[in-house]
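Asker: The sequence shown begins at 537 in my numbering and counts up one residue at a time.
Note that beta-carbon positions come from the ideal geometry of N, C-alpha and C, so glycine has one too.
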Amino acid sequence: MNHFELFGLPVQFQLDGSLLSSQFRELQKRFHPDNFATASERDRLLAVQKAAQINDAYEVLKKPISRAEYLLAENGVDIRAEQQTLQDPLFLMEQMELREELEDLASSSDPELELFDFEAKVSKMFKVQLSELEGQLSQAEWPVAADSVRKLKFIAKLQSEIEQLEDKLLG
């Protein structure tokens, strides 16, 4: 049983987040180890394993990048532990330029305002790439979708670096 089936969801990238959350809570209640306190050792162990499976599946499905990676793996393109790098020189150059721009923000005349604008630009990039990924996955364009996931990981890392700078500036 795959993660989507576990939650009774269609096997697709687009999902109803509130349905995922409610199914998660329902499964947590049903398979909570306390419900099996008087059961046999084997049944208690199975309940603990099922609860762990439910938690793991929820963590994968609730985040778009891990959900996309999972969908790709389910379709024979496992990039979760790969060492392959992205082969898009224009995108990589853009990422380098964005990181340089981020570094320069800290010493600008109004770093908070510039960081706000920069964050909005990067957030838009993430949304555009996510939208492209959604289309690629729905069309079963697995290799192209894998590259989009790689790009999303770069952008997500940049977003994390933005948050770190924000904490440093405002902290």
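Just the C-alpha distance for leucine 551 and lysine 704, rounded to the nearest angstrom, thanks.
Answerer: 35 Å
Asker: Tell me the rounded alpha-carbon separation between aspartate 640 and phenylalanine 543.
Answerer: Computed Cα separation, rounded: 45 Å.
Asker: Could you check how far apart the C-beta atoms of phenylalanine 560 and tyrosine 594 are, in whole angstroms? I think they sit under 8 Å.
Answerer: 5 Å
Asker: Using C-beta distances below 8 Å, list every residue in its chain close to asparagine 611, excluding the 5 sequence neighbours before and after it, in chain order.
Answerer: Excluding positions up to five away in sequence, the list reads Ala676, Trp678.
Asker: Quick check for students: name the residue ranges of the alpha helix (DSSP H) that lie wholly in the region 552-586, counting only runs of 4 or more.
Answerer: 553-566
Asker: Going by CA-CA distance only, name the one from Leu673, Phe572, Ser696 that's closest to valine 685.
Answerer: Leu673
Asker: Touching or not, the region 649-656 and the region 582-593, by the rule of three or more beta carbon pairs under 8 Å?
Answerer: Flag = no, the region 649-656 and the region 582-593 do not touch.
Asker: Please report how far the alpha carbon of leucine 563 lies from the alpha carbon of isoleucine 590, in whole angstroms.
Answerer: C-alpha separation (whole angstroms): 7 Å.
Asker: Are leucine 607 and phenylalanine 662 touching if we call contact CB-CB under 8 Å?
Answerer: no
Asker: Please list, in chain order, all residues of the same chain as glutamate 697 whose beta carbon is under 7 Å from its beta carbon, the five residues on each side excluded.
Answerer: Closer than 7 Å at Cβ, skipping near neighbours: Leu638.
Asker: Output needed for glutamine 665: all residues of its chain with C-beta closer than 8 Å, excluding positions within five of it in sequence on either side, in chain order.
Answerer: Ser684, Lys687, Leu688, Ile691
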